[in-house]
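In the numbering used here, the protein residues as written are 11 to 300.
See the structure below:
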């Protein structure tokens, strides 16, 4: 007579397998949310080439496996004085899980581009040390008849989170990932070094670059207060927009365009040269919020 043997799975093993199955399913859900958000972002960036972007909300159906509902949406933020556009693309499921990517574009207004093509330095207020600029052949424009961006850092400082916690971070890591970094406190970058990397640096408070620092790559600097360029600080390709006073010390140089409320020249060999490449559209990589 045949004997039937039943194998019983221990309860602990069954629970473990169930938990692993759920974890695996959540990983699949997460991957699908990432794919949806990234695909939507790429679609919107392509659409932006032919028409202005607006907010979207799209019901998409269900995630696999199972029937968890999922939707996607975009949100567009703009700051016209500086030509900033921040695009968010998100995918979210019915359980509250979400994945969002962001893309920042800076398309400098035409009036500012035109001004940068005429003079590398535009000053809304006073210039201290104008004779030094003239001696070094630096052409600058005053606010009379010149275009100057009227902006406030507070209007867009909360668009992104995170930034450099100290000047040591920037000195060590450079400007990574072609992103916009908002520095909310007074910031000092220590002297003697090369800072590589391309990105947008937003200083809500005073930004200080100490002596003998070189920036070999393209950067955009937006300063809500003052900006100090120490001795022998060199920018190979920079767009600088400063609501306060730019202090430029001996031997410092900027190739690009500088817009400042006031300028104080503190040296004999200051150089500012024109490079209209710096006012061409600048876009960041796709990035997740920190």
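We put the CB at the ideal spot given by N, CA and C, even for glycine.
Whole-angstrom distance between residue 60 and residue 70, CA atom to CA atom:
24 Å
By Cβ distance below 8 Å, which residues in the same chain neighbour residue 104 in space, the five residues on each side in sequence not counted?
78, 79, 80
Candidates 281, 237, 250: closest to residue 287 by CA position:
250
Stretch pair the segment 250-265 + the segment 183-193: three plus CB contacts closer than 8 Å:
no
Quick one: is residue 226 near chain D, going by C-beta distance under 8 Å?
The chain inventory of the structure shown lacks chain D, comprising one protein chain alone.
Below 8 Å between beta carbons: does that hold for residue 139 and residue 275?
yes
Count the other CB atoms within 10 Å of the CB of residue 149; is the residue buried (16 or more) or exposed (fewer)?
exposed
CA nearest to the CA of residue 51, picked from 100, 289, 239, 252:
100
Can you tell me the Cα-Cα spacing of residue 35 and residue 75, whole angstroms?
7 Å
Nearest neighbour of residue 64, chosen from 53, 72, 44 [CA to CA]:
53
Per DSSP, the bridge partner or partners of residue 181:
Paired residue(s): none; residue 181 is not in a bridge.
Would you mind reading off the limits of the beta strand (DSSP E) that contains residue 165?
Counting along the chain, residue 165 falls outside any beta strand (DSSP E), and DSSP gives it neither H nor E.
Return the chain-ordered list of same chain residues with a C-beta closer than 7 Å to the C-beta of residue 177, the five sequence neighbours on each side being excluded.
197, 198, 199, 200
Secondary structure, alpha helix (DSSP H): runs of 4+ residues fully inside the segment 227-276:
none
For residue 92, which of helix, strand or coil comes out of DSSP?
helix
Who does residue 68 pair with in a DSSP beta bridge?
82
DSSP on residue 148, reduced to helix/strand/coil?
coil
Supposed close pair residue 91, residue 160 - CB separation, criterion 8 Å:
6 Å
Endpoints, beta strand (DSSP E) assigned at residue 108
108-116
Do residue 223 and residue 131 count as a contact pair if the criterion is CB distance below 8 Å?
no
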